[in-house]
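What follows is a set of notes on a single structure, which appears directly below.
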Amino acid sequence: MLTSASLRCWPTLGRRRVFFLLQTCRVTGTQTRTIARAAAEVAEGDKRLKTFEDLPGPSVLQSIYWVLLRGYILHSHELQIIFKEKYGPMWKSSFGQYQVVNVADVNLVETVLRQEGKYPMRCDMVLWKVHRHMRDLAYGPLTEEGHRWHRLRTVLNKRMLLPQEVVLYTGSLNEVVTDFLLRLDEMRKESPSGVMVNDLPNALYRFAFEGISYILFETRIGCLEKQIPSDTQRFIDSIGSMMKNHVIASILPEWTNRVLPFFKRYIESWDNIFSFGKKLIDQKMEKIQERLERGEEVQGEYLTYLLSSGQLTDKEVYGSVAELLLAGVDTTSNTLSWALYHLSKNPEIQEELYKEVTGVIPGETIPTAQDISKMPLLRAVIKETLRMYPVIPTNSRVAVEKAITIGDYNFPKGTLFALCHYVIAREEDNFPEPNKFLPNRWFREQRVKNNAFSSIPFGYGVRACVGRRIAELEMHLALSRIMQKYEVKPDPSSGEIKAMARIVLAPHKPINLKFLKRDSLSLQSA
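UniProt numbering numbers the first residue of the sequence shown as 1 and each following residue consecutively.
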């Protein structure tokens, strides 16, 4: 006998088969109604189970048009806005060898991240892995997966994520900030006006490199010297080259690796990065070994902890430090560049911030981590900058453990999701007047109630940025001391600065700003 329950057990049963049964089986009126209800339930089930193929989205030729012919390879964050308007909150796309589900709605992004599982995975970083395989190198925290990634992160998280341990780096970071301020003074004097700092992002890039290198290698590498050491400059250049050629090599067919120069340059850049890191790590290992042979206690910060803990092999330390370096530079340098750019264009906010900073650290007082906790506007400026310019405008997740259901769609294990944070953080529903720089929106009494996933620049969950606490401390210390010493004004000849994507979101041209000393301004007003 046909029942509603028995029909629901046939998941492949479609409408045509149900109608066929109705026509060929001798059924009663009650059975007919039962079958009709089951057919409706089957149809509803079919409706719920849409797949990747049912998603709207650009064809391969349309993608080539936008990325290559329209030049959006460097403005992929803007494509998020264009495609969401055209296709809705979720669409499919092809990028090189990847089939991608793009998610551009805050609630849908939350749905994906809530289903990420025990061992979340970003994009499989295939080109990074290609280099590691070619050179027999270990994966780091950005390339490793599964339980091996979890074991690695468990070790790396120590001395990085706990606030009480990050505070230990305050002295080292303040030392680097002091040298950066001296470098700013030199750059001002080198300009015809005596106050202009040209190409501020480059200066901040060098500052951020010196800061993270000092923490990871426990030694200064000379990024803030007037004449940067040649091996350090080669190291910096290699990271820029790696990122640029990675973008190009990712979208080109694999056969082009043998005939075009981009892949070769990409591999050579990684070789230089690892060579530089290995040299400094080996030097530290020798010093630790010498101390042990003399019977002395081994003391130090992050690298000493990694090398002496016995939890990682030498190869794992090399791979981890190389990837941590890359994760620790652009966040600080780009965010500070955008923050100072917007503060220069918003003198009222800058003056309010100056008063807050000098109220906590008057004169030339050097701030501590405890002082930073008393500066809500300072922290809000960084939050607002990261909202407007998330360092990585598109994060990703792979369905590694099971299928993921989003609304009417079901995506199988292995599906790659692109999480479009840039467009989400610039939507009116999430942040009123989203294109305006309004740090006060982060104050508790003024904050609009919205989904917490509207702005997650450091990622989410166990796969969030391992260096978040250090990056925040570094940015807060640097910005507070810059405000303490300078009033920042825009270069009237620069015009508007826009963002471009080169893996990370960076200014499309140099940011030039005037740095006017506060003590000089005080004398003038007196």
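Where a beta carbon is used, it is the ideal one built from N, C-alpha and C, also for glycine. Here the structure is a predicted model, which means the values were calculated and not measured.
Assigned with DSSP and collapsed to three states, Tyr98 falls in strand. Sorting Asn512, Arg481, His476, Met483 by C-alpha distance to the C-alpha of Ser493 places Asn512 at the top. Residue Phe453 holds the alpha-carbon nearest to the alpha-carbon of Asn430 among Arg444, Thr51, Gly363, Phe453. His133 has its alpha-carbon roughly 25 angstroms from the corresponding atom of Lys413.
Taking 8 angstroms as the cut-off, the Cβ atoms of Leu182 and Phe207 do not count as close. In the three-state scheme derived from DSSP, where H, G and I count as helix and E and B as strand, Val466 is classed as coil. Per DSSP, the unbroken alpha helix (DSSP H) holding Glu290 starts and ends at 262-293. For Phe443, the number of other beta carbons within 10 angstroms of its own is below 16, and it is reported as exposed. Counting only the Cα atoms, Gln233 lies some 11 angstroms from Phe209. The continuous alpha helix (DSSP H) containing Ala322 extends over residues 314-327. Cβ atoms of Glu474 and Thr332 come within 8 angstroms of each other, at about 5 angstroms. With contacts defined by Cβ atoms closer than 8 angstroms, Leu386 and Thr335 form a contacting pair. Within the model, the alpha-carbon separation for Ser94 versus Ser59 is close to 8 angstroms. In this structure Ile503 touches His246 by the C-beta definition: roughly 7 angstroms separates them, less than 8 angstroms. Among the bridge pairs identified by DSSP, Tyr409 is matched with Lys50, Ile406.
Here Val197 carries a strand assignment [DSSP, helix/strand/coil]. Boundaries of the alpha helix (DSSP H) harbouring Ser76: 76-87, taken from the DSSP string. DSSP places Met500 inside the beta strand (DSSP E), whose first and last residues are 499-502. When beta bridges are read from the DSSP output, Lys92 appears opposite Val101. Of the residues Val167, Pro393, Val329, the one whose Cα lies closest to the Cα of His421 is Pro393. Around Gln446, the same chain offers Asn440 as residues with beta carbons nearer than 6 angstroms, after the five sequence neighbours per side are excluded. Between Ile267 and Leu326 a beta carbon distance of about 16 angstroms is seen, past the 8 angstroms cut, so the two are scored as non-contacting. For Ala380, the enclosing alpha helix (DSSP H) starts and ends at 376-388. Per DSSP, reduced to three states, the secondary structure at Asn395 is strand. In this structure Ala506 touches Pro201 by the C-beta definition: roughly 7 angstroms separates them, less than 8 angstroms. Thr170 places its beta carbon 8 angstroms or farther from that of Ala471. If you draw a straight line from the Cα of Asn257 to the Cα of Ser250, it is about 10 angstroms long. Below 8 angstroms, enough C-beta pairs join the region 116-131 and the region 397-412 to call them touching: three or more. In the DSSP assignment, Tyr486 is bridged to Lys517.
With respect to Leu419, Val177 sits apart: the two C-beta atoms are not nearer than 8 angstroms.
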